[in-house]
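Residue numbering for the sequence shown follows my numbering, starting at 12 and increasing by one per position.
C-beta atoms are modelled at their ideal positions from N, C-alpha and C, and glycine is treated no differently.
The model shown is predicted, which means the values in this text are computed figures rather than measured ones.
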Amino acid sequence: MNPIKKINIAAYVTIVVMSLLLFNCGEPMIKTKAPVSYIKNELKKLVPVDIRSDLSILSESEKQVVFKLVEAGKIIDQLFLLQVDSDNPEIRKELLTMKDSHQKDYLEMFDIMFGSWNRLEDNKPFLNSAEKPATAGFYPKDMTKEEFQSHLNMHPEDKLVFENSFSVIKRNGDQLIALMYHEAYKDLVQELSGKLREAADLSQNKNLRKFLIQRADDLLTDDYFESDMNWMDLDGKIEVVVGPYEVYEDELFNYKAAYEMFLCIVDLESSEQFSAASRYLHAMETNLPIPDQYKNFNRGSSSPIKIVQEIYTAGDTKAGVQTAAFNLPNDERVREAKGSKKVMLKNITEAKFQKVLLPIAEKILAEKPLKHVSFDCYFNHILMHEISHGLGPGVLKMADGTETTVARELKELYSVIEECKADVLGLYNLLFLMDKGVFEEKRYEAYASYLGGMFRSIRFGIGEAHGGGVAIQFNYLLEKGAYFVNEKGQLDLRPEKIEPVIRELAETVLIIEAEGEYEAAKSLIEKYSVMTPLMENYIKELADLPIDIRPHYEVEKGREN
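In structure tokens form, the structure reads like this:
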């Protein structure tokens, strides 16, 4: 035998043995697991749906852009996994090597939830017993709000970077320090930036190429203003969102944005049909049920609406419950200059309606509203929900003349209040545009579909922003008599009461935002965002139904269908 080869084998054996010894000496990341019966039951709550990728309308270069962006999405997944919990990569490695006949079930659950906590049950742990920290992976796990604020009181010069949406807070000895994302996640961010450049090189669409190049640059500085402005101008068949946006994962302050990706093909015909709604933005702002001094006429009037077929997602938006629509960007500077873009994921919305909403409605709604639940009204309400995110207060001017934002003032309560606002104004504005002839549906259909969709969101858990916002609406309308329970125990509605109660709740939430009233937001949430015995009974009745869909993206396989 070749002596060099003999030495190499010996060295290799030594390395393997030492590695095994080191691994065995280390503390396992997973100390306890929920029963496999629980895991299997939770997986059943997410009905599998094949998301087909009809790439036939794309050119060859556009198809190559899509596949390159899917590669970028894999990096987004890794980034978000770290943002949920810095221990996640090691926990996942341990799951991959776990000698358990049900290893695949635990791994699938972990991958769906992006961590050890069940997002369908208010983040109940299914691996280990620790509660999900409000800090997520953005702050030290043991850091409190008081410690954060104390640091800023002592170091006011750190306020901007500590509260920045794209910074991670870490410990350096007994001090807190801030690292921007491109520093904290340097290797992954550089790899992601490179993938976007490769996709740009493949694109023949001028605006898409411009966006991807600028976004690749902005990922390396964490100033996304220019690429967000460019994103507003995308005009081709490919619609892509890539970067840190939503702040739901940061349950401490709602400051920190999480990485996500949407990759879609634009339905040009449907988008044109719905563009009429965006022409009424000024009229909708004027019609808001609040005094004129609280209305926001400074936001850009450009508010494109795109109806798309989702073909792939990654990161924050893929975790747990699937997104049906989004309204971006969140940067108030961009909204002031150009407005915001509403993107409706039509294939995802229809899958949710057929697989989840209708079975729920059939179990809990009275006969008359059940007959009037329609996909068109459900879809249009989601559209108006997204449009309504861009209406109302945004930038606030305080009594001392300083400027701030609604999100900054409401802190961790902002997401629940904002989702409640968008839902309530979604119905309020849908009715307004019905009067203008934009939508042809009847009012009763809108009321019935609005009620029919509520428990789809509540079942996500009221600790989640969307579920918590819907709980406020359901309990408020029930208290005011707009909803009631009939003699059969089914939910029914009083159509004459819906509109005035919706207007009243819209005014309440908008005033809270306009005045940045943290305590008023807290009071509203404490009173109405609660799980009542009635809601618990309905949720038990729905226990055997799926809560949401579990998409399988065929584009990941590189196939065209």
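Could you pull the DSSP bridge partners for residue i from this structure?
i, result
"GLY254", "GLU271"
"LEU57", "ASP559"
"THR232", "Answer is none; THR232 lacks a bridge partner."
"MET191", "SER178"
"ILE249", "ILE276"
"LYS44", "LEU138"
"VAL496", "LEU502"
"THR413", "Looking at the DSSP assignment, THR413 forms no beta bridge with any residue, so it has no partner."
"ASN391", "In the DSSP output, where bridge partners are listed per residue, ASN391 has none listed."
"ASN183", "GLN186"
"VAL172", "DSSP output for VAL172 lists no bridge partner at all."
"VAL406", "THR416"
"LEU545", "The partner list for LEU545 (beta bridge, DSSP) is empty, contrary to what the question assumes."
"LEU376", "LEU502"
For residue i, which of helix, strand or coil comes out of DSSP?
i, result
"LYS483", "The amino acid occupying residue 483 in the given sequence is Ile; Lys does not appear at that position. Here ILE483 sits in helix by DSSP."
"LYS352", "strand"
"LYS453", "coil"
"ASN265", "coil"
"THR146", "coil"
"TYR458", "helix"
"LYS135", "strand"
"GLN501", "coil"
"HIS475", "Residue identity differs from the one stated: residue 475 is Glu in this sequence, not His. Correct three-state label for GLU475: coil."
"VAL332", "coil"
"LYS568", "helix"
"ASN129", "strand"
"ILE62", "strand"
"LEU553", "coil"
"LEU299", "coil"
"MET243", "coil"
"ASP98", "coil"
"SER385", "coil"
"PRO39", "coil"
"GLY401", "coil"
"LEU32", "At LEU32, the pLDDT of 41 sits below 50, so the modelled position is not reliable and the matter cannot be decided from this model."
"PRO511", "helix"
"LYS104", "helix"
"LYS152", "coil"
"TYR49", "helix"
Cβ of residue i within 7 Å of Cβ of residue j?
i, j, result
"ALA531", "LEU421", "no"
"GLN320", "ILE371", "no"
"LEU516", "TYR487", "yes"
"LEU368", "GLY464", "yes"
"ASP116", "VAL47", "yes"
"ALA189", "VAL172", "yes"
"GLY474", "ASP133", "yes"
"MET445", "LEU394", "no"
"LEU199", "ILE86", "yes"
Report buried or exposed for residue i, applying the criterion of at least 16 other Cβ atoms within 10 angstroms of its Cβ.
i, result
"PHE125", "buried"
"THR334", "buried"
"LEU107", "exposed"
"ASN338", "buried"
"GLU73", "buried"
"TYR323", "buried"
"GLY412", "exposed"
"PHE471", "buried"
"SER176", "buried"
"ASP239", "buried"
"ALA268", "buried"
"ASP61", "exposed"
"HIS166", "exposed"
"ILE50", "buried"
"ASN164", "exposed"
"VAL8", "Summary: the structure shown does not reach residue 8, with the chain confined to residues 12 through 572, and so no result is reported for it."
"ASP261", "buried"
"HIS396", "buried"
Tell me which residue opens and which closes the beta strand (DSSP E) that residue i is part of.
i, result
"GLN320", "316-326"
"ASN338", "336-339"
"LEU69", "No beta strand (DSSP E) contains LEU69, which DSSP labels as neither H nor E."
Hey, quick one: how far does the alpha helix (DSSP H) through residue i stretch, first residue to last?
i, result
"VAL427", "425-446"
"SER161", "156-165"
"ARG290", "No alpha helix (DSSP H) contains ARG290, which DSSP labels as neither H nor E."
"GLY205", "197-213"
"PHE121", "114-124"
"LEU368", "Premise fails: LEU368 is in no alpha helix (DSSP H) and is neither H nor E."
"GLU537", "529-539"
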